[in-house]
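Novice: Here it is, the structure, as structure tokens.
Chains as they are written, first to last, in the working numbering: chain A, 435 to 722; chain B, 435 to 722.
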């Protein structure tokens, strides 16, 4: 399967404007609504050791993170469940409901089916705050590049650093942070599910500028060597932090918990420490 | 798997108010929004002989039909696709897009993944017309029971009556009809995907009345014996017609294409020709 070919087919049929964002956007009176859907299934998406409760949590989290990435407020979440064993239902639903509640929303329905392989599809609808959502498109040369927290912890957990396991198994969608950044007027935003460099490439695709980050500005992960920590931070998948760009003069209002890691440049490349960085990282699913 | 046990678990965790309708309902200013999701997969939901284009059409149709059943206007449809073979993508997307267009909406995004078994989950959002949606709950004794068209054609096709194949493979969601019925003030509504009697049982569950239908009032299917035609009409699955109840004095405004087939009664039973009818029919998936 060539991912680029599939993307081309999707673009042709549903239109390029729908293939670049974390959510579909549609207007309603003076407000905007966002909607998104994510498929996860056992073999590909749930690392060994995850409980069913965590699987439910994760399936809600991926969708809530997409809504967070638009700076929107999640209003409703639906869960379609293809169950391989009926005794898994309760824990999965409870995990999904707990994640929804932690983000100020709740499960409002779904669909239930039997399936050979456990398959979960969560779909969510969110409302814009004050008629504006933040898109992947919008960065301008000179903007600063920011992230909402340390990167690479989920990948570290996958590699056996068990102190980071909850970042892998129970990731926190950055819903509040996304809304605050939207309010602060960031110029573009997305969530980093497949690694920072991969996400910068996604940003590049949606904009007409380039991205230059400085690996020394990535927060280090305690208990892991500096070199490995930077590698995880640049290329590790599974993080739920937000990646955004912001005009320097707005930096004061974006809050203390965010980290500035680079700058938007004219040249159409992704630079890490001044050197072009290839797209690599997680590629197990693709937004269409 | 005991379906009733699963439903109980769902009701416990997401609340009984979310388990009885075709869509989740939430308010937005003076309007209501509806959202729904449906999982279909190859082994269970796509009869042999269906093309990939029809599989795509069907996956959009089930969700659009749920929105139609609330009397709402579909605004956006998302499709999560778990592909077993990448060369199936184009036809599936084109079929789904064609179905959306036929209902006045379009595909606005989704998710793409690889999967051992072709698995499609469509999710949709709709807007109420004038601040009102029609629910399963709302029928009163004395109301008439109506349907939007002949029943049993999909089941007849499954049984080999090839003249009815397009009702099985390319069902038409009754979106316009649903909106007209909502405007006419019907008291309750749902779509009949798992057979008429099964749907009447679903209605019974949501209301505090009973249902009495007269099998002679079901439109007969040309080319099929009367007995078989009635059997298909009562118990056959796969139809996309709407089932509704309406006060007799509003009958004049519901339009010519609808068929009155019975009456809402006080007694908490489903009667066919005066005899209690057991719940049977398709049960391959369950709304939660």
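Here a beta-carbon is modelled for each residue, glycine too, at the ideal position from N, C-alpha and C.
Check each residue of the region 624 to 639 of chain B: if its Cβ is closer than 8 Å to any Cβ of chain A, include it; give the result in chain order.
Specialist: Against chain A - using a Cβ distance shorter than 8 Å - the region 624 to 639 of chain B contributes no residues.
Novice: Is it right to say residue 719 of chain B is buried, meaning 16 or more other beta carbons lie within 10 angstroms of its own, or is it exposed?
Specialist: Model confidence at residue 719 of chain B stands at a pLDDT of 39, short of 50, so the residue's coordinates are unreliable; what they give is reported in the following sentence. Per the 10 Å Cβ criterion, buried.
Novice: Looking only at C-alpha atoms, which of B:441, B:637, B:689, B:587 sits nearest to residue 704 of chain B?
Specialist: Among B:441, B:637, B:689, B:587, the Cα nearest to that of residue 704 of chain B belongs to B:637.
Novice: Is there at least one Cβ from chain A nearer than 9 Å to residue 647 of chain B's Cβ?
Specialist: No - not a single Cβ of chain A is within 9 Å of the one on residue 647 of chain B.
Novice: Between the region 535 to 543 of chain B and the region 507 to 524 of chain B, are three or more C-beta pairs nearer than 8 Å?
Specialist: Taking 8 Å as the limit for Cβ pairs, the verdict is that the region 507 to 524 of chain B does touch the region 535 to 543 of chain B.
Novice: Mind checking which residues open and close the beta strand (DSSP E) that includes residue 624 of chain B?
Specialist: Where residue 624 of chain B is concerned, the enclosing beta strand (DSSP E) stretches over 622 to 625.
Novice: Let me know the secondary structure DSSP gives residue 693 of chain B once reduced to three states.
Specialist: Reduced to three states, the DSSP call for residue 693 of chain B is strand.
Novice: What does DSSP give as the partner residue(s) for residue 465 of chain B in the beta ladder?
Specialist: B:462.
Novice: Assuming residue 505 of chain A contacts residue 572 of chain A (C-beta within less than 8 Å), just tell me the rounded distance between them.
Specialist: Going by Cβ atoms, the distance from residue 505 of chain A to residue 572 of chain A rounds to 11 Å, so no, they are not a contact pair.
Novice: What does residue 485 of chain A reach in chain B if we use C-beta pairs closer than 8 Å?
Specialist: Residues of chain B passing the Cβ test: none, with the nearest at roughly 16 Å.
Novice: Does residue 543 of chain B have its Cβ less than 9 Å from a Cβ in chain A?
Specialist: True, the Cβ-Cβ gap to chain A drops below 9 Å.
Novice: Could you say which of A:522, A:619, A:534 lies nearest to residue 563 of chain A if we only look at CA atoms?
Specialist: Residue A:619 is the option with its Cα nearest to residue 563 of chain A.
Novice: To the nearest angstrom, how far is it from the Cα of residue 592 of chain B to the Cα of residue 641 of chain A?
Specialist: Taking the straight line joining both Cα atoms gives about 50 Å.
Novice: Cβ of residue 570 of chain A within 9 Å of Cβ of residue 622 of chain A?
Specialist: Yes, the Cβ-Cβ distance between residue 570 of chain A and residue 622 of chain A is below 9 Å.
Novice: At 7 Å on the CB atoms, spell out the chain A contacts of residue 463 of chain B, in chain order.
Specialist: Simply 463.
Novice: Using 8 Å for Cβ pairs, my map puts residue 488 of chain B next to residue 604 of chain B. What's the rounded Cβ distance?
Specialist: Correct: roughly 6 Å between the Cβ atoms.
Novice: List the DSSP bridge partners of residue 669 of chain B.
Specialist: Paired residue(s): none; residue 669 of chain B is not in a bridge.
Novice: Residue 707 of chain A: buried (16+ other C-beta within 10 angstroms of its C-beta) or exposed?
Specialist: It is exposed - the Cβ of residue 707 of chain A has fewer than 16 other Cβ atoms within 10 Å.
Novice: Could one say the Cβ of residue 516 of chain B lies closer than 9 Å to chain A's Cβ atoms, at least one of them?
Specialist: Closer than 9 Å to some Cβ of chain A, the Cβ of residue 516 of chain B qualifies, so yes.
Novice: Between residue 475 of chain A and residue 523 of chain A, which are expected to be in contact by the criterion C-beta below 8 Å, what is the C-beta distance as a whole number of angstroms?
Specialist: Actually they do not touch by this definition, with Cβ atoms about 16 Å apart.
Novice: At the 9 Å Cβ level, is residue 550 of chain A part of the contact set with chain B, yes or no?
Specialist: So yes, residue 550 of chain A belongs to the interface.
Novice: For residue 691 of chain A, I'd like the list of residues in its chain whose CB is within less than 8 Å of its CB, leaving aside the five on either flank, ordered along the chain.
Specialist: Closer than 8 Å at Cβ, skipping near neighbours: 582, 583, 611.
Novice: In terms of residues, what are the limits of the alpha helix (DSSP H) holding residue 703 of chain A?
Specialist: Segment: none, residue 703 of chain A is in no alpha helix (DSSP H) and carries neither H nor E.
Novice: Could you have a look at residue 484 of chain B and say whether DSSP puts it in helix, strand or coil?
Specialist: Coil at residue 484 of chain B, not helix or strand.
Novice: Kindly indicate if chain A contains any beta-carbon less than 9 Å away from that of residue 494 of chain B.
Specialist: Not an interface residue.
Novice: Closer than 6 Å by C-beta to residue 717 of chain A: which residues in its own chain qualify, once you throw out the five before and the five after it? Chain order, please.
Specialist: Note that residue 717 of chain A scores 47 on pLDDT, short of 50, meaning its location in the model is unreliable; the coordinates nonetheless yield the value given after this. There are no such residues.
Novice: Note down the Cα distance separating residue 693 of chain B from residue 600 of chain B, rounded to an integer number of angstroms.
Specialist: Their Cα atoms are separated by approximately 21 Å.
Novice: Classify residue 472 of chain A as helix, strand or coil using the three-state DSSP reduction.
Specialist: Note: residue 472 of chain A maps to strand in three-state DSSP.
Novice: Identify which residue in B:663, B:698, B:497 has its Cα closest to the Cα of residue 627 of chain B.
Specialist: Minimum Cα distance to residue 627 of chain B is reached at B:497.
Novice: Go ahead and label residue 687 of chain B buried or exposed: buried means 16 or more other beta carbons lie within 10 angstroms of its beta carbon, across all protein chains shown.
Specialist: So residue 687 of chain B counts as exposed.
Novice: Is the shortest distance between the beta-carbon of residue 475 of chain B and the beta-carbons of chain A less than 9 Å?
Specialist: Yes, residue 475 of chain B counts as interfacial toward chain A.
Novice: Between the C-alpha atoms of residue 494 of chain A and residue 472 of chain A, what's the straight-line distance to the nearest angstrom?
Specialist: Roughly 9 Å between the two C-alpha positions.
Novice: Distance check for residue 598 of chain A and residue 492 of chain A, CA to CA, integer angstroms please.
Specialist: Roughly 15 Å separates the two Cα atoms.
Novice: Starting from the beta carbon of residue 502 of chain A, find every residue of chain B whose beta carbon is closer than 8 Å, and list them in chain order.
Specialist: Simply none; closest approach about 17 Å.
Novice: Does any residue of chain A bring its CB to less than 9 Å from the CB of residue 725 of chain B?
Specialist: Chain B is shown only over 435 to 722; residue 725 of chain B falls outside these bounds and no answer can be derived.
Novice: Would residue 577 of chain A be called buried (16 or more neighbouring beta carbons within 10 Å of its own) or exposed?
Specialist: It is buried - the Cβ of residue 577 of chain A has at least 16 other Cβ atoms within 10 Å.
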